[in-house]
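Take 1 as the starting number for the sequence shown in UniProt numbering and just add one per residue. Step one of this worksheet: look at the structure below.
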Amino acid sequence: MTPTIPPITSPSSWNVSVSNTEFWADLAQTVLPTYVNTCRWFAGKARQQTGLSVQTIHTIALSDGDVAYLLILEATYADGIPEHYLLPLSFITDSVSTSFQLADVPEKGRIGEAVIGQVSGVLIDAIYDERFRQALFTNIYSNQVLPQSDGQLTFHRGKGLDEGDDKLSSRVLPVDSSNSAMTFGEKYFLKLYRKLFRETNPEVDMVAFLTDESNFSHIPAFGGSIVWQRTQPDTSGSSDHSEITLGMVQRMVENDKDSWMQTGDYLNDFLYAVPQRLFAIREDVFDKVELLGKRTGELHCALYKPNRPGAAVNPDFAPESFTDDYREFLITRLQDLLERRYALLIDNYTKLDPQAQRLAWVFMEAREMIESFINDFRNRSIDSLRIRIHGDYHLGQVLATANDFVIIDFEGEPESSIADRKIKHSPLKDVAGMIRSYHYAVSAKLFNSAETDELDPDHLQRVSDRWFYLIRDTFMHAYLDVFGAPHPLFKNNNEINFLLLIYLLEKAVYELGYEISYRPSWVKIPLRGIIDVIREIEKIRLSDGPASPDIPLLQTGLLQSKAV
1 MTPTIPPITS
11 PSSWNVSVSN
21 TEFWADLAQT
31 VLPTYVNTCR
41 WFAGKARQQT
51 GLSVQTIHTI
61 ALSDGDVAYL
71 LILEATYADG
81 IPEHYLLPLS
91 FITDSVSTSF
101 QLADVPEKGR
111 IGEAVIGQVS
121 GVLIDAIYDE
131 RFRQALFTNI
141 YSNQVLPQSD
151 GQLTFHRGKG
161 LDEGDDKLSS
171 RVLPVDSSNS
181 AMTFGEKYFL
191 KLYRKLFRET
201 NPEVDMVAFL
211 TDESNFSHIP
221 AFGGSIVWQR
231 TQPDTSGSSD
241 HSEITLGMVQ
251 RMVENDKDSW
261 MQTGDYLNDF
271 LYAVPQRLFA
281 IREDVFDKVE
291 LLGKRTGELH
301 CALYKPNRPG
311 AAVNPDFAPE
321 SFTDDYREFL
331 ITRLQDLLER
341 RYALLIDNYT
351 KLDPQAQRLA
361 WVFMEAREMI
371 ESFINDFRNR
381 SIDSLRIRIH
391 GDYHLGQVLA
401 TANDFVIIDF
411 EGEPESSIAD
421 RKIKHSPLKD
431 VAGMIRSYHY
441 AVSAKLFNSA
451 ETDELDPDHL
461 QRVSDRWFYL
471 IRDTFMHAYL
481 DVFGAPHPLF
491 KNNNEINFLL
501 LIYLLEKAVY
511 ELGYEISYRP
521 SWVKIPLRGI
531 IDVIREIEKI
541 RLSDGPASPD
551 IPLLQTGLLQ
561 SKAV
C-alpha cells in the first residue's frame, strides 16, 4: 500500500458500488497503477504504459452479507497491444468479522485506504480475504451460475472434488508468480489466473480432459473451474460470445521436490567422482529416468483419442495429420526464430567468451544447411499424427513423489498466444523439451560448479556428453516402448528422427535468445544443443531414404548411445 496517496472516496456503500463508475475510474487512475506495478503477476512493467482502466466488474456475494468484486483491468501501452488482468477486491473495515482482520493481510495485498459510504477502511486483494476464498470454493462445489451485467460467471465442479468437502479452511500460498494460488484443507489447490485471454485456458482444457476422459492418473486431478461466459454486443450489433477462464481447482499432490531438483541431486553424486576421473551413474537414476519416459508416453497415449464410428468427437482433442497449414506455421516460426537469433548473436558476438564464439561461428556457418533442412519439412511425406500436448514440458514441470511422478502446469509456452498453445503438434515436441531439460541439467551442474573449475574443459565436455547421451537414450527407449511399433503417432523411424530434430532445433534456438539476453555465460549450453542437431542433420541428409518396416526403432545415430 502506498501511504502517500490520499484515501479514495465514494458516497455509495460498498455493496452497491458496482454501479459507481466515477469511483472505479478514480481508483484506476490514482491508486491501481502504482499497486499493479508492484505485483509479480503484472507483466507490463517493462512496456511503456499509457493507461489502466476497469473494464468489467463482477460481484461475488460473501457469507456475511458483504460482497467482493472481480475487476477486469485493461492495461494499454504505447505499442498498441493491450493486456487484461484479474484483480479481486475486498473492502476491510473495523466491522468485519473478528475471524478476519486487516492484520491478516500482508503488505503486498493492501491496495489503498478508502472512505466508502462514510465508512473508513482498506481496499485489499481479495485473495487475502478468507470469506472470498470460501465463496469461490463453495460456488465451484455447488456448480453455481452467477448472472452478471455482461454474461455470467460459471462455476463448474470436476470429478476431483469430493462430496462433503464444501467447507474447508483455506490459505494463500506465499509464492510470487504470474498467477495466485490458494489451498483448501491442504487437499485442493485453487489457481486464479491473473493475465486473462479471450479463450478458455489450455490448462483447464487439458486437465479436465485427462481427468474426465482418460485413465491417466499422474496429474493433479481436475476439481473445477471458474469461467466468465461473456456476452457483449460488438461493433456490428451482434453479440460477442467468449469464454474467459478465471481459475481452476486441482487436487494437491504430496511431493518431495520437482524433477529438476531431483536430477540436480543425482548430478551432485555424479559430480563428486568427476575430479577422480571416475564415471559412475547410480542404477536408481536410470530407473527414475526410465519411469519418467514411461509416464510421458502414457500421457501422450491418454491424449491420443482416435475418432471411432458412432462415437462423439471432441474436435479439441481429435488427432490431426500434418496439414499444409501446420507445416507453414512451423516453418515460419522456425525461420523467424532463426532470423532473430542470428541477428542477436551478431550484435553480441564480441561479448561472448572465446569458446562460445567458436560455437556461435559453427552455428552461423551452418545457416544455409539448417534453412534447407527446415524447408524439407514443407514437402516431406509425413504420415504420423498430431495431438494436443503439454507444450512446455521440462523437468521443472514434473513433481517427484515417493515412488513416482506427477505432471503439472499444462498452460503451454508462456510467450505464445492462447490460440497457438492449443495447436496440435507431434508429441515429440514435448520429448524434445525434456531432452533439452536434461542437457541443461548436466551442463549447468558441471560447467558452473566450483568442484570442476580446475578440470580440463575437454574432459568435462566428454563427461557431460556421455551422461547426457545415456540419460537421453534411456528416456527415449522407455518412452517409445509405451507405443510399440508401428503406432499412428509415430509411423516409422525416419519420421521420428526428422520430427525430433525439428523440435530440438526449435527449442535450442529459442533457449539461445534467452541466454544471450539474460545469462550470457550460459550461451554455450543451447549452442551445444544446436550443434548436436547440426551434426544429426548432416547424418540424416547422407542416409535419408524410404523408411523400411524391417528397421526397428532407435537404430539411427540420433537415438543410439554415444558413450565416450
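A virtual CB, placed ideally from N, CA and C, is assigned to each residue, including glycine.
Which of the three DSSP states, helix, strand or coil, is assigned to residue i?
| i | result |
| --- | --- |
| N268 | helix |
| Q118 | coil |
| residue 568 | With the chain covering 1 to 564 only, the question about residue 568 has no answer from this structure. |
| W467 | helix |
| T263 | helix |
| S180 | strand |
| residue 622 | Since the first and last residues shown for the chain are 1 and 564, residue 622 lies out of range. |
| V172 | strand |
| G433 | helix |
| R528 | helix |
| E538 | helix |
| R194 | coil |
| P202 | helix |
| K257 | strand |
| I219 | coil |
| E454 | coil |
| E415 | coil |
| N15 | helix |
| R47 | coil |
| I244 | strand |
| residue 566 | Residue coverage of the chain in this structure runs from 1 to 564, which leaves residue 566 outside it and unanswerable. |
| G557 | Residue placement at G557 is poorly supported in this model, since its pLDDT is 41, which falls under 50; the coordinates still yield a value, given next. G557 falls in the helix class under three-state DSSP. |
| I5 | coil |
| R131 | helix |
| F42 | coil |
Excluding five sequence neighbours on each side, which residues of the same chain lie with their C-beta closer than 8 Å to the C-beta of residue i?
| i | result |
| --- | --- |
| M252 | T183, E186, K187, Y188, F189, P220 |
| Y479 | G293, K294, T296, G297, V431 |
| R40 | D176, S177, S178 |
| N375 | I331 |
Would residue i be called buried (16 or more neighbouring beta carbons within 10 Å of its own) or exposed?
| i | result |
| --- | --- |
| T50 | exposed |
| residue 574 | Residue 574 cannot be examined here, being either before or after the span of the chain that is shown, 1 to 564. |
| T556 | Bear in mind that the predicted position of T556 carries a pLDDT of just 39, short of 50, making it unreliable; the figure below should be weighed with that in mind. With 16 or more Cβ atoms within 10 Å of its Cβ, T556 is classed as buried. |
| K424 | buried |
| P147 | exposed |
| R198 | exposed |
| W228 | buried |
| S225 | buried |
| Q48 | exposed |
| S217 | exposed |
| R341 | buried |
Taking 8 Å as the CB-CB limit, is residue i close to chain B?
| i | result |
| --- | --- |
| H425 | Of the chains in the structure shown, none is chain B; there is only one protein chain. |
In this structure, what does DSSP give as the bridge partners for residue i?
| i | result |
| --- | --- |
| residue 566 | Residue coverage of the chain in this structure runs from 1 to 564, which leaves residue 566 outside it and unanswerable. |
| M252 | Beta-bridge pairing links M252 to no other residue. |
| G151 | Q148, R230 |
| L102 | Paired residues: none, contrary to the question. |
| S10 | I116 |
| Y188 | F184, R251 |
| G224 | R157, V249 |
| Y69 | T59, L89 |
Which same chain residues, not among the five before or five after residue i, have their C-beta less than 7 Å away from its C-beta?
| i | result |
| --- | --- |
| D205 | D316 |
| L62 | A68, R131, F132, A135 |
| Y510 | L337 |
| N255 | L399, A400, T401, V406 |
| A366 | I534 |
Return the chain-ordered list of same chain residues with a C-beta closer than 6 Å to the C-beta of residue i, the five sequence neighbours on each side being excluded.
| i | result |
| --- | --- |
| Q134 | none |
| P7 | E113, A114, V115 |
| S437 | H394, L395 |
| E203 | F410, E411 |
Beta strand (DSSP E) runs contained entirely in the stretch 337-407, provided each spans 3 or more residues: Qualifying beta strand (DSSP E) stretches, in chain order: 398-400, 405-407.
Please go through the stretch 273-345 and give each complete alpha helix (DSSP H) segment of 4 or more residues, from N-terminal end onward. Counting only runs of at least 4 residues, the stretch 273-345 fully encloses the following alpha helix (DSSP H) elements, listed from N- to C-terminal order: 283-303.
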